[in-house]
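Protein chains in written order, with the working numbering: chain A, 30 to 506; chain B, 163 to 432. Cβ atoms here follow ideal geometry from the backbone N, Cα and C, with glycine treated the same way.
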C-alpha cells in the first residue's frame with residue numbers, strides 16, 4: 030500500500046490526554062477492609078456492603094478464565110488502585126460547579142455537559158475514573174418518573190429499586206470478572222423507566238479513565254418497566270499510558286413485559302501503541318433479561334482496548350421475547366478481541382438475531398464467540414446468525430467459534446459466515462475513480478460494517494463511521 | 163484521417179516496456195492519441211492489450227522498465243492512480259469490482275466529488291448529484307433501482323458494463339480507456355453500451371477501445387485501428403483493418419510477426 034495510507038493510519042490516538050484534577054485515591058490492593066472503605070466512602074446502606082463482601086469471598090474461590098482466545102501477562106490484582114475519585118470540593122449544586130478542568134476534559138472529548146446538550150437531545154451521565162461527575166437533563170426526565178443518574182446516587186435515593194434488581198441478571202457469582210466487579214464497583218449509571226413511558230431522549234453515559242494504575246469497575250443497571258422504551262448509549266475513552274489498565278464492568282438490563290431496551294456502545298478505550306504496549310484490558314459482562322413480549326437489542330462498535338473480552342447477551346425468558354446483537358469489532362496493530370453474544374431461548378416463540386462483523390488489520394486478532402441455546406420449553410424458537418470477517422493485510426487473524434445447543438425440535442437456527450479481504454482490486458478500482466486510498470479503505474470498511482452501523486442512533490453512527498476509518502492505524506499489510 | 167496532423171497529442175506513448183514479476187508483457191509500445199479521436203486496439207489473448215490499459219491507469223502490479231508516457235504534456239507514469247483520474251483518465255474495467263455495502267450512488271458521488279475536489283471545484287451535494295446521475299442513467303437505460311444497490315454486487319455481466327459506462331458519463335473523462343467492454347455482453351446489451359459510448363464521443367475527448375472482436379467496432383466505429391502482438395503494436399490502419407483482421411484471423415498477424423514482416427509498424431502511427 031502507499032505512503033498516503035501509511036500516513037493516515039499512523040494517526041495518534043486522539044483522546045490520549047491526561048487531565049490534572051485532585052484525586053481522592055486509596056492505596057493499591059484488595060481486601061475486605063478495602064471493600065469496607067469503598068462502601069463507607071460512598072455512604073452505602075448495609076445491604077450493599079453485605080453484597081460486596083459476599084462477592085469478594087466468592088471471588089477468592091475463583092480462577093481467572095483462560096478459555097478466551099486472547100493472551101496477556103498475568104494480572105496482579107494487588108497492584109491495582111480500586112478507588113479513585115476526582116476530589117469533591119463540596120457537594121455540587123449544579124453541573125456548572127463541576128471542576129472546570131474536568132468539564133474541559135469532557136468538552137475535549139466532544140461531550141459537553143451543559144447547554145449544548147439541549148440541542149443534541151441526549152441526556153448524559155459522565156463517569157470520570159470511578160465516579161459519576163454529572164448528569165444532564167435530570168429534572169426533565171424526573172417529570173416523567175424516569176430515574177437516570179449515577180449508580181451511587183441510585184443506591185442512596187432508590188435503594189429498594191437497586192436492591193430488587195442488582196444482580197438479578199448477572200449474579201455476583203457469575204464469573205471471575207463480574208464477581209470482582211460486584212465486590213469493588215465504584216459507580217456507573219442507573220436508569221429506571223416507569224410503566225408505559227417512552228423515554229423521550231437518548232440516555233447516555235460517557236466513561237473516562239483518567240488516573241494512573243486504577244482499575245475502572247463501573248456497573249450499569251437499566252430497568253424498563255412494563256411497556257416502557259429506552260435507548261441508551263455508552264461511550265468510553267482513556268489516556269495513553271504505558272501500563273495496561275483493567276476495566277471490568279458489568280451491565281445488567283431488565284426488560285419487563287412488553288418493554289424495549291436498545292443499548293448501543295461505541296468503545297474507544299486506549300488500544301495500546303503499535304508494539305502492543307499499554308492499553309486497556311476490557312473484560313466486561315453485559316447481559317439482559319427479556320420478559321414476555323419484550324425486546325433487548327445490543328449494538329456495539331468496538332475499536333479500542335488492547336484486549337476486549339465481552340459477550341453482550343440476552344436471556345429470552347418470556348414468551349415472544351426478542352433478542353438482537355449487532356457488532357462491529359475492529360482490531361489493529363496488536364489488539365485482540367474475543368467477543369460475541371449468548372442468546373438463551375427459554376420462552377416460547379422467542380426470536381434472536383446475531384450480526385457480527387469482525388475487522389482485522391495489522392497484527393490484530395479478532396475472535397467471534399457466540400452461543401445460541403434453545404431450551405426444552407422454547408417451542409418455535411428462531412435464531413439467525415451471520416458472522417463476517419474482513420482481513421486487511423496478511424499478518425492479522427479472524428476466528429469464529431459459534432456454539433449451538435438445541436433441545437427443542439421445533440427450533441430453527443441458521444448460521445452463516447464469510448471471510449473476505451480488502452483486495453488490491455477494490456482499492457485500485459476506487460483509486461482509478463479518483464478516491465484516495467485511505468478514503469477507499471474507510472469506505473470499504475464502512476460498507477462492510479453497514480448492517481450494524483445502521484442500527485446505531487444517528488449521532489452515534491456518524492461518530493462510529495469516522496472512528497472506523499481512524500482506527501485503521503498501521504494497517505499496512 | 164479526420165484530425166489534422168498538426169493537432170497536439172493528448173497521449174503519447176513511446177517505447178513503453180512493462181513487466182509483471184519477471185515476465186515482460188509490453189515490449190516497446192508506441193501510440194499517439196489526439197483529442198476527438200477514437201482508437202481501437204485489437205489483438206489475440208496475451209498480446210498485452212489489458213496490460214496497456216492497466217499501466218495507463220496506474221496499476222502497480224505492473225512495473226514499467228522503460229519508455230515514456232506523456233499525457234497533456236506531463237509525465238503520466240509519475241502520477242498515482244487517483245491523480246491520473248483527476249487529470250481526466252478513466253478506465254472502464256474488463257472485470258468491474260464488487261464493493262459490498264457501499265451504495266452505487268454513494269460510490270459514484272464520492273468519486274465525482276473526489277475528482278472535483280482535486281481540481282479545486284466545489285463538491286456537489288446529494289440533490290445536485292442526483293439530478294446529474296438521473297440524466298446520465300437514461301444514456302445506458304439503467305433502472306434507478308441499481309443506484310441503491312451495492313457497487314456491482316449481484317449485477318449481471320451486462321449490468322456491470324452498463325454501470326462502467328454510467329460512471330464514465332458522470333465523471334466525464336478526457337481520455338476514456340475501455341478494456342474489453344464488449345466481453346460477456348449479448349447483442350442487446352452491446353447495443354446499449356455502445357450507444358452510451360457513442361453519445362460520449364466529443365471533439366475534446368479521446369477514447370482507447372480495447373477489444374478482441376471486431377463486432378464491437380460495428381457499433382463504436384473507430385478512427386484508427388491498431389493490432390497488438392507480442393507486447394507491441396504491429397499494425398495500424400483505419401476502420402478497414404479491423405474487417406481484414408476479422409476475415410484473416412489473428413493467426414495471420416502471428417504468422418506475419420513470426421516471419422518478421424512487421425519489424426516496424428507496417429503503417430505509421432497517425
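Is residue i near the ligand PLP, in the sense that its beta carbon is under 8 Å from a heavy atom of that ligand?
i	result
residue 306 of chain B	As presented, the structure is devoid of all ligands, the ligand PLP included, so that no description of it is given.
Is any beta-carbon of chain A found at less than 9 Å from that of residue i?
i	result
residue 367 of chain B	no
residue 308 of chain B	no
residue 236 of chain B	no
residue 305 of chain B	no
residue 269 of chain B	yes
residue 221 of chain B	yes
residue 247 of chain B	yes
residue 333 of chain B	yes
residue 386 of chain B	no
residue 317 of chain B	no
residue 180 of chain B	no
residue 173 of chain B	no
residue 291 of chain B	no
residue 453 of chain B	Outside the displayed span of chain B (163 to 432) sits residue 453 of chain B, for which this structure offers no information.
Can you name the residues that DSSP bridges to residue i?
i	result
residue 374 of chain A	A:345 and A:403
residue 321 of chain A	Looking at the DSSP assignment, residue 321 of chain A forms no beta bridge with any residue, so it has no partner.
residue 446 of chain A	A:416
residue 87 of chain A	For residue 87 of chain A, which the question treats as bridged, DSSP gives no partner whatsoever.
residue 397 of chain B	B:389
residue 381 of chain A	A:352 and A:412
residue 437 of chain B	The requested residue 437 of chain B does not occur in the structure, where chain B is confined to residues 163 to 432.
residue 6 of chain A	Residue 6 of chain A lies beyond the stretch modelled for chain A, which goes from 30 to 506, so this question has no answer here.
residue 276 of chain A	A:245 and A:311
residue 187 of chain A	DSSP output for residue 187 of chain A lists no bridge partner at all.
Determine the chain B residues that contact residue i at a beta-carbon separation under 7 Å, and present them in chain order.
i	result
residue 472 of chain A	264 and 272
residue 454 of chain A	259
residue 479 of chain A	263
How about residue i: is its C-beta nearer than 9 Å to some C-beta of chain B?
i	result
residue 449 of chain A	yes
residue 203 of chain A	no
residue 423 of chain A	no
residue 468 of chain A	yes
residue 491 of chain A	no
residue 487 of chain A	no
residue 329 of chain A	no
Using 8 Å for Cβ pairs, my map puts residue i next to residue j. What's the rounded Cβ distance?
i	j	result
residue 433 of chain A	residue 99 of chain A	Incorrect: roughly 23 Å between the Cβ atoms, too far for contact.
residue 367 of chain B	residue 338 of chain B	7 Å
residue 178 of chain B	residue 229 of chain B	4 Å
residue 261 of chain A	residue 285 of chain A	Actually they are not in contact, since the Cβ atoms of residue 261 of chain A and residue 285 of chain A sit about 16 Å apart, beyond 8 Å.
residue 413 of chain A	residue 370 of chain A	No, residue 413 of chain A and residue 370 of chain A are not in contact; Cβ-Cβ is about 13 Å, not under 8 Å.
residue 321 of chain A	residue 287 of chain A	7 Å
What does residue i touch in chain B if you count any residue whose Cβ is under 8 Å from its own?
i	result
residue 458 of chain A	255, 258, 259 and 261
Just to make sure I have the definition right: I need the residues of chain A whose C-beta is within less than 7 Å of the C-beta of residue i. Which are they?
i	result
residue 244 of chain B	460, 463, 464 and 465
residue 277 of chain B	463
residue 280 of chain B	463
Could you work out which residue in the options is closest to residue i when comparing CA atoms only?
i	options	result
residue 241 of chain B	B:262, B:396 and B:217	B:217
residue 308 of chain A	A:340, A:282, A:297 and A:274	A:274
residue 374 of chain A	A:106, A:311 and A:324	A:324
residue 113 of chain A	A:191, A:247 and A:493	A:247
residue 454 of chain A	B:181, B:211 and B:220	B:220
residue 497 of chain A	A:483, A:485, A:474 and A:400	A:474
residue 465 of chain A	B:388, B:272 and B:309	B:272
residue 351 of chain B	B:412, B:398 and B:325	B:325
residue 59 of chain A	A:289, A:82, A:106 and A:88	A:106
residue 396 of chain B	B:331, B:195, B:204 and B:285	B:204
residue 63 of chain A	A:174, A:182 and A:215	A:215
residue 440 of chain A	A:395, A:458, A:377 and A:397	A:377
residue 205 of chain A	A:92, A:379, A:471 and A:281	A:92
residue 266 of chain B	B:196, B:252, B:304 and B:342	B:304
Run down chain A in chain order and give the residues with a C-beta less than 8 Å from the C-beta of residue i.
i	result
residue 329 of chain B	462
residue 312 of chain B	476
Whose Cβ in chain B lies nearer than 9 Å to the Cβ of residue i?
i	result
residue 352 of chain A	In chain order: nothing, as chain B lies at least about 24 Å away.
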